[in-house]
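Okay, structure first, notes after.
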DNA sequence: CCGCTGATTCGACATGTGTCAACATGGGCG
DNA sequence: CGCCCATGTTGACACATGTCGAATCAGCGG
């Protein structure tokens with residue numbers, strides 16, 4: 001491992017965010033936290049960008065690879081920043097290009113929130 | 001290679017909106033449709049209302065039971081309307097009260113979108 | 001060093017959104 | 001019938017958001 005950098009995944013924040021919506025009513029704080037994640041995916045452009053990163057080979061994508069979603073390049077950057085602030089993406093600069101990568105724990109947390117009653 | 005494999009339309013054909021985000025990039029139309037659902041849950045008040053309905057006994061809840069989320073009654077009605085327009089809830093009037101119920105197929109569709117790569 | 005390309009930030013604008021008070025509707029009940 | 005309670009609708013307003021062009025920052029190569 002050439003780079004010994006450690007990213008604060010902060011899984012203790014994202015993963016145990018909230019129980020499934022069908023389990024019990026969310027508290028105001030839980031709803032506040034979870035809504036941030038859902039809101040981040042509540043825009044078509046961001047949803048496309050996120051899926052482009054998530055489905056990209058190697059689990060990461062350069063901005064140059066995903067900036068063809070019909071809006072200007074500054075707008076792409078703006079949306080990527082939003083996704084990063086919501087904890088859904090992480091970014092890393094390698095030379096000229098910036099690579100984005102999905103945060104799997106957050107994705108899992110959202111899936112768990114939406115999971116139907118596991119019977 | 002002629003891919004004769006039929007797309008798995010799944011049992012959740014009521015809302016076969018989009019594949020998992022990690023499977024392939026969403027098209028503009030798919031993202032447009034899916035973003036509506038995520039945006040509907042992208043507000044803390046709506047998220048609480050939805051979880052109140054989803055977790056309520058019998059799978060349905062009267063407005064009078066869930067209208068204590070810290071906002072005025074018209075605002076509650078407004079948010080419930082939004083959730084209904086997004087296809088996440090259905091409403092039915094029975095006498096004096098109006099009962100809301102979750103649309104399970106849509107919930108399943110959202111969960112599938114967020115599902116990590118299936119085994 | 002200077003310019004080039006990729007990416008972010010800034011400033012501005014139009015539009016969307018959440019919220020409430022006031023009013024309207026609709027159905028039970030006295 | 002007429003009141004009243006539970007919901008929904010309307011109008012208005014402050015604020016957030018998406019978008020772009022221009023400017024700025026960050027490496028790379030000549």
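Protein chains in written order, with full-length UniProt numbering: chain A, 1 to 119; chain B, 1 to 119.
Every residue gets a Cβ at the ideal spot worked out from N, C-alpha and C, and that includes glycine.
Interface criterion met: the Cβ of residue 47/A is under 7 Å from a Cβ in chain B. Scanning chain B for C-beta atoms nearer than 8 Å to the C-beta of residue 43/A yields 35, 39, reported in chain order. With respect to residue 103/B, residue 88/B sits close: the two C-beta atoms are nearer than 7 Å. When C-alpha distances from residue 97/A are compared across 61/A, 33/A, 22/A, 45/A, the shortest belongs to 61/A. Using a Cβ-Cβ distance cut-off of 8 Å, the segment 44-54 of chain A and the segment 23-43 of chain B are in contact, since at least three pairs of beta carbons, one from each stretch, lie closer than that value. In the three-state DSSP reduction, residue 115/A falls in the coil class, being neither helix nor strand. Using a 10 angstroms sphere on the CB of residue 77/B, the tally of other CB atoms stays under 16, which defines it as exposed. Chain-ordered, the chain B residues with CB closer than 9 Å to the CB of residue 23/A read 51, 54, 55.
DSSP links residue 101/B through a beta bridge to 60/B, 90/B.
When secondary structure is reduced to three states using DSSP, residue 96/A falls in the coil class, being assigned neither helix nor strand. The C-beta distance from residue 101/B to residue 59/B rounds to 6 Å, short enough to fall under 8 Å.
From the listed residues 63/B, 16/B, 37/B, 35/B, the smallest Cα separation to residue 95/B is found for 63/B.
Taken through DSSP and simplified to helix, strand or coil, residue 25/B comes out as coil. About 6 Å separates the beta carbon of residue 111/A from that of residue 111/B, a gap short enough to meet the 8 Å contact definition. Proximity of residue 58/A to chain B, defined by a Cβ-Cβ separation below 7 Å, is not satisfied.
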